[in-house]
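Working notes for the structure below.
There are 2 protein chains.
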Amino acid sequence: MKKIESVKNPLVKRIKRLQKRKQREKEGLFVIEGFHLVEEALRHDVEVQAIIAEDNKNIPSNHSGAGISLVTEQVMKEMSSTETPQGILAVCSLPRQEKPLSIKERGSYLFIDGVQDPGNLGTMIRTADAVGTSAVILGEGTVDPYNDKVIRATQGSLFHLPVIKGDIEKWIEACQTKNIPVFGTSLNEGTTHTAIEAQNGFALIVGNEGAGVQEKWLEQTDQNIYVPIYGNAESLNVSVAAGILLYHLKLFH
Amino acid sequence: MKKIESVKNPLVKRIKRLQKRKQREKEGLFVIEGFHLVEEALRHDVEVQAIIAEDNKNIPSNHSGAGISLVTEQVMKEMSSTETPQGILAVCSLPRQEKPLSIKERGSYLFIDGVQDPGNLGTMIRTADAVGTSAVILGEGTVDPYNDKVIRATQGSLFHLPVIKGDIEKWIEACQTKNIPVFGTSLNEGTTHTAIEAQNGFALIVGNEGAGVQEKWLEQTDQNIYVPIYGNAESLNVSVAAGILLYHLKLFH
């Protein structure tokens with residue numbers, strides 16, 4: 012197979028354009044980088060349309076169906092969104108449509124209200140996966156989960172559980188209809204988290220790094236909770252707080 | 012006061028050079044950016060040598076003793092390590108010497124073994140502050156806490172508690188001499204963290220993002236623990252795991 016050697020090859024431009032959310036949504040495509048992520052995508056039913064690699068050796072064995080292009084190191088560097096590219100990337104299809112709202116008995120849910128930092132969102136998706144959360148719901152104003160930094164921070168967890176853009180109001184109602192309690196988080200309103208017992212099912216809402224969870228959601232929750240601060244920090248990082256609360260609330264059978 | 016208007020002013024170069032660890036250590040100086048951090052540094056006995064701002068209005072009122080220089084927006088942009096500078100930065104003295112090793116009765120300690128990501132280190136220092144940890148010890152191979160990204164992620168917590176470069180082996184011994192149990196963290200060796208009760212005093216060791224805590228330390232601990240993974244994630248982000256464990260282990264009186 013002939014290698015693409017020119018950084019002016021149209022493929023290079025096309026892939027770079029997918030670094031922008033608008034273009035991803037227009038084309039219904041997103042890009043992942045690195046052997047581990049490509050392997051995870053292939054393993055978890057992501058539609059991988061094309062794999063671009065510096066070398067055949069670096070391609071996961073389960074790649075059937077995906078077109079393969081080989082490129083030089085320089086071309087890879089030009090396409091990559093990282094400073095030290097890992098020699099492989101893949102173009103994947105975005106999920107075709109929003110999944111319908113459906114709440115499981117004893118399900119556990121993480122609702123994310125306007126988190127802006129890609130590292131924070133990715134880390135929370137990874138933690139939600141680790142704790143066995145049923146789904147992560149991304150409210151309006153939350154950073155796009157198909158942003159390259161988010162995907163990197165999920166370490167593949169983006170492909171392990173449903174991560175759905177949705178209307179937080181509808182999801183709160185849907186949980187409450189099924190008697191699944193909804194917990195809001197606040198800097199200091201409500202109850203210390205340790206006063207709440209582990210739950211058979213629950214939804215947890217975490218909010219924007221600066222503004223927290225919007226007041227309108229905090230008014231609709233069953234209870235608002237916070238992780239107490241004992242030292243001089245003003246608050247915890249949102250992905251750390253989410254980790255503490257998810258592991259605290261989840262009842263492990 | 013006359014504003015510095017030229018990006019060729021020697022001050023600009025001098026401040027930019029402090030983005031490098033070697034230069035910081037050579038000059039005994041580090042740089043912080045943003046109103047909140049400068050205010051925190053002034054409030055917590057950091058020796059602030061110089062404040063550089065776009066405007067007198069943006070300078071914290073408690074700045075006595077620090078020299079002030081005004082600069083244009085363009086000069087600030089040139090000096091800043093962020094894409095959207097906040098209009099103020101300060102040059103501070105590094106702590107003059109390593110603080111002596113001293114363990115408090117009922118103290119709680121976070122030992123960090125080779126964490127590389129500045130965001131992770133900064134977030135852990137912030138969490139250690141929030142939970143009321145006595146000190147954070149940075150073992151060999153850990154990213155410099157005076158790196159601008161670390162400082163930003165600490166949100167000021169770097170100035171709230173001792174953050175000390177040290178020899179993890181000596182700190183393990185010092186804790187054990189005072190009957191403070193030392194817990195190592197491992198992906199799956201040892202005990203689930205929930206099997207351990209909250210402690211009057213403890214030390215927790217967390218490790219490098221890829222390699223974890225070095226085996227030689229795991230052999231010297233009183234017990235090794237892990238946060239169980241229930242989903243498909245291979246591991247937790249180290250700063251999330253540290254948050255869960257610190258809040259779990261700390262006994263709140």
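These protein sequence lines map, in sequence, to chains E and X. Each residue of the first sequence is one higher than the last, beginning at 12 in the numbering used here. Each residue of the second sequence is one higher than the last, beginning at 12 in the numbering used here. All C-beta atoms in this analysis are idealised placements derived from N, C-alpha and C, irrespective of residue type, glycine included. Please read these numbers as outputs of a predicted model, since none were measured by experiment.
Taking a C-beta cut-off of 7 Å against chain E, the contacting residues of the stretch 126-141 of chain X are Gly130, Thr134, Arg137, Thr138, Asp140 and Ala141, listed in chain order. Only residues of its own chain outside the window of five on either side were considered, and among them Ile114, Thr144, Ser145, Ala146, Val147, Ile148, Trp182, Cys186, Ile191, Phe213, Ala214 and Leu215 have a CB closer than 8 Å to the CB of Tyr120(E), listed in chain order. The DSSP-derived three-state label of Asp140(E) is helix.
Measuring C-alpha to C-alpha distances from Ala206(X) to each of Leu198(X), Glu180(X) and Val238(X) identifies Val238(X) as the nearest. Taking C-beta atoms under 8 Å as the contact rule, Ile43(X) and Ala52(X) qualify, at a distance of about 6 Å. Boundaries of the beta strand (DSSP E) harbouring Gly218(E): Phe213 to Gly218, taken from the DSSP string. For Ala146(X), the secondary structure class from DSSP, reduced to helix, strand or coil, is strand. Secondary structure of Asp159(X) (DSSP, three-state): helix. A Cβ-Cβ contact shorter than 8 Å links Arg137(X) with Asn248(E).
The residue from Ile179(X), Ser91(X) and Gly221(X) with its alpha-carbon nearest to that of Leu198(X) is Gly221(X). Look at Phe46(X) here: in three-state DSSP terms it is helix.
The beta carbon of Asn235(X) is closer than 6 Å to those of Gly195, Ser197, Glu200, Gly201 and Leu229 in its chain, skipping five residues each way along the sequence. The beta carbon of Pro96(X) sits closer than 6 Å to the beta carbons of Met87 and Lys88 from its chain, once the five residues preceding and following it are set aside; these are given in chain order. Only residues of its own chain outside the window of five on either side were considered, and among them none has a CB closer than 7 Å to the CB of Gly76(X).
Under a 10 Å Cβ-count criterion, Ile255(X) is classified as buried, with 16 or more other Cβ atoms of the shown protein chains found around its own Cβ. Note on geometry: alpha-carbon atoms of Gln60(X) and Gly167(X) lie some 17 Å from one another. In the DSSP assignment, Val86(X) forms no beta bridge with any residue. Here the alpha carbons of Leu169(E) and Val23(E) stand approximately 25 Å from one another.
Note on geometry: alpha-carbon atoms of Lys14(X) and Thr83(X) lie some 7 Å from one another.
Residue-level contact check: His74(E) does not touch chain X, since none of the beta carbons of chain X fall below 8 Å from its beta carbon. Residues of the same chain with a CB within less than 6 Å of the CB of Asp140(E), apart from the 5 flanking positions on each side, are Ser168, His171 and Leu172 in chain order.
For Gly78(X), the enclosing beta strand (DSSP E) begins and ends at Gly78 to Leu81.
By the neighbour-count criterion, in which 16 or more other beta carbons inside 10 Å mark a residue as buried, Asp159(X) falls on the buried side.
The residue from Leu257(X), Val57(X) and Ser80(X) with its alpha-carbon nearest to that of Lys68(X) is Ser80(X). Under DSSP, Asn235(X) shares a beta bridge with Gly195(X).
When Cβ-Cβ separations below 8 Å define contact, Gln231(X) makes no contact with chain E.
Within the same chain, and ignoring the five residues on either side of Gly78(E) in sequence, the residues whose Cβ sits closer than 8 Å to its Cβ are Gln60, Ala61 and Ile62. Under the 10 Å beta carbon count, Asp56(X) is surrounded by fewer than 16 other beta carbons and is classified as exposed.
Identification of residues in the stretch 154-167 of chain E having a C-beta nearer than 9 Å to some C-beta of chain X yields Ala164, Thr165, Gln166 and Gly167, given in sequence order. Closest by C-alpha distance to Phe41(X), out of Leu29(X), Arg107(X), Leu257(X) and Asp178(X), is Leu29(X). A straight line joining the alpha-carbon of Glu94(E) with that of Glu65(E) spans about 16 Å.
Under the criterion of beta carbons closer than 8 Å, Met90(E) and Ala253(E) do not qualify as touching, at roughly 33 Å.
DSSP, read as helix, strand or coil, puts Thr203(E) in strand. Residue state for Phe263(E) is assigned as coil, using DSSP reduced to three classes.
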